[in-house]
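Written below as structure tokens is the structure these notes are about.
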Amino acid sequence: MFLKGELKMKKARLFKLLMAISIPLVFLAGCAVEPIETNAVAYPFMEDQLKAQNLSEATGFYAENTVAYRNASNETTVRIYSAPIEDSENAITQNTDGGYIGDGKFIKKSLPEAWSSKNPICIKDGTNFAEITPAQIGEYNFEQKSFVNMFGQSRDAMIYEDAFGKGTDLNCSVTSFGVNMEIVFPKRPEQNTYQIKLKLPELIPDTGSPDYILFKTALEKSEVRTVLENPLAADKNGKWSYANSVKLVDKDSASGVYTVEYTIDETFISSESTKYPVKVNQSINLYKSKQPDTSAYENTGEEAGHYLSPYMLLGDSTIKGEGWTFVRYETLDLLNIPAEKIISAKYVFRNLFDVSKEVTIGAYAVTNDWCSMNTRWFNRPTYDEQPISQVVVQKAADYSLDITSLFKEMIKNKWREEPKYSIRNSFMIKSDTKDSNIIFSSGDGGLFSPYLEVVLAE
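Under my numbering, the residue at position 436 of the sequence shown is numbered 422, and the numbers go up by one with no gaps.
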């Protein structure tokens, strides 16, 4: 798809959580050769994994983005993800009609044997759909196999050969909410723009954000139905660029088919320091609501918010100027978590790439309410000047910030009017290191999901 994506938990959805207890993370330097293990994916634990960890399901914590388990010491761990929790790892299997489908509970995904204008990649949820076809005439045959994407994840994928020129394949995998597209340039491409065709229901495009294109219903209170993300590029050594763009360049009025054009930063692909192969990654998703994390950037002025961006840029040397991200978990309003039983609370996020120097990330208590869609640099909410906690980040890996003291106050104040520390206000994260530029996952895109982990005493 590329350039020129209060419900009760079933036992079958049990947690693929706590992998870090027994399985060490493999940190990747440069081009990934071994798939990573990470907790920042909202997939379930299987029965055998629960047994191996001596864990059991904990009841009483029911929400679409929440799982809970009890250990041998009768402590309960509750994990609240930014994204809804999938019931599978989105494998691709052959359908009875010869095509291929992606599993998962939320949205149906189907992939053809030969990708062409007559054989689209399809995403469907009821009457909402997206059909993705090549912009150029041709039929692109597939090979089904696992590949390691730019983030180090091993994904089951359909590889459409030469889809963007000889030797440049399209690696298409499925996510909880749609499809993820990655192309690999073995050498510097002759052009930095690429196109696809996209057919949708009658929706209104919203191009007000530099991070994504939204397609909305035409109702007075319009609803987001489909999201096109800005692509992310990374080279062989993990050097990355977010100075890329997505735009609509045409719409066929008869068929309703859009031509979507992606542009990769020319400076990045032509730089002598960029080492090929270069991978370019983005997703097309049908919208599924996530828990708010909203980034505010110094240089984006009046531009639309970044609530639907799959990435958080933190630091004072980003392409958008300094970036902070505000985080909260509104699911806490639904969950019964006694303040007196809280042992610990931490925010866990994934750093997507190795960085050349250590960067200190701090968590800060926010002291008034904020809007997930309309927070900007100029209207940032107030916050405490001293960090709750800090963590040093450098390798691509999962990291956590201890917010136990703040979280206890938030829960104690749950039913009080306009408290200084509350679930609504919550906290924000930012870089406390000068001249830093680092990128984390935000929960969109279906690949990674930050989460809040709360441990409760019996």
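The beta carbon of each residue, even a glycine, is placed where N, CA and C say it ideally should be.
Computed from a prediction, not measured in an experiment: that's the story for all the values here.
By the Cβ neighbour-count rule, residue 193 is exposed, with fewer than 16 other Cβ atoms within 10 Å of its own. Residue burial annotation: residue 95 is buried, with at least 16 other C-beta atoms found within 10 angstroms of its C-beta. Listed in chain order, the beta strand (DSSP E) elements of length 3 or more contained wholly in the stretch 266 to 318 are 279 to 283, 297 to 301, 309 to 313. Pairing residue 180 with residue 148 gives a Cβ-Cβ distance that is not under 8 Å. Under the three-state reduction of DSSP output, residue 382 falls in the coil class, being neither helix nor strand.
For residue 101, DSSP records a beta bridge to 126. Contact between residue 432 and residue 161 is confirmed by a C-beta separation of about 3 Å, below the 8 Å threshold.
In this structure, 142 is the residue among 142, 335, 26, 114 with its C-alpha nearest to the C-alpha of residue 80. Residue 420 sits in coil when the DSSP states are folded into three classes, being neither helix nor strand.
Annotated three-state conformation of residue 24 is coil, per DSSP.
Between the beta-carbon of residue 164 and that of residue 109 there is about 5 Å, and that keeps the pair under the 8 Å contact cut. Residue 35 sits in a helix when the DSSP states are folded into three classes.
Judged by DSSP secondary structure, residue 252 falls within the alpha helix (DSSP H) whose first and last residues are 252 to 256. Residue 296 is a Cβ neighbour of residue 269, given a cutoff of 8 Å. Taking 8 Å as the cut-off, the Cβ atoms of residue 226 and residue 415 do not count as close. In this structure, the alpha-carbon of residue 153 lies about 11 Å from that of residue 146.
If you draw a 10 Å sphere on the C-beta of residue 402, you find fewer than 16 other C-beta atoms in it, and that means exposed. Residue pairing from DSSP places residue 226 in a beta bridge opposite 220. Per DSSP, the continuous alpha helix (DSSP H) segment holding residue 391 begins and ends at 390 to 398. Membership of residue 351 in the beta strand (DSSP E) is indicated by the continuous run 345 to 351.
Non-local beta-carbon contacts of residue 216 in its own chain, meaning distances under 8 Å to residues more than five positions away in sequence, involve 196, 197, 198, 228, 230, 231, 232, 268, 295 in chain order. Residue environment analysis places residue 157 among the buried positions, since at least 16 neighbouring C-beta atoms fall within 10 angstroms of its C-beta. The beta carbons of residue 344 and residue 60 sit no closer together than 8 Å.
Selection 388, 37, 184, 64 evaluated against residue 103 yields 184 as nearest (Cα-Cα).
A Cβ-Cβ separation of about 16 Å leaves residue 359 out of contact with residue 287 under the 8 Å criterion. Within its own chain, the residues whose Cβ lies closer than 6 Å to the Cβ of residue 440, once the five positions on either side in sequence are excluded, are 64, 331, listed in chain order. Under the 10 Å beta carbon count, residue 219 is surrounded by 16 or more other beta carbons and is classified as buried. Within the DSSP secondary-structure output, residue 168 pairs in a beta bridge with 157, 267. In this structure, the beta-carbon distance from residue 437 to residue 67 falls below 8 Å. About 6 Å separates the Cβ atoms of residue 387 and residue 377, confirming a contact at the 8 Å cut-off.
Going by DSSP, residue 210 is part of the beta strand (DSSP E) stretching over 210 to 215. In this structure, the straight-line span from the alpha carbon of residue 236 to that of residue 118 is close to 15 Å. A distance below 8 Å between beta-carbons, with the five flanking residues on each side excluded, links residue 278 to the following residues of its chain, in chain order: 293, 312, 313, 314, 316, 358.
A residue is called buried when at least 16 other Cβ atoms come within 10 angstroms of its Cβ; residue 364 does not meet this threshold and is exposed. Just so you know, the alpha carbons of residue 348 and residue 435 end up roughly 19 Å apart. With 16 or more other CB atoms across the displayed protein chains lying within 10 angstroms of its CB, residue 155 is buried.
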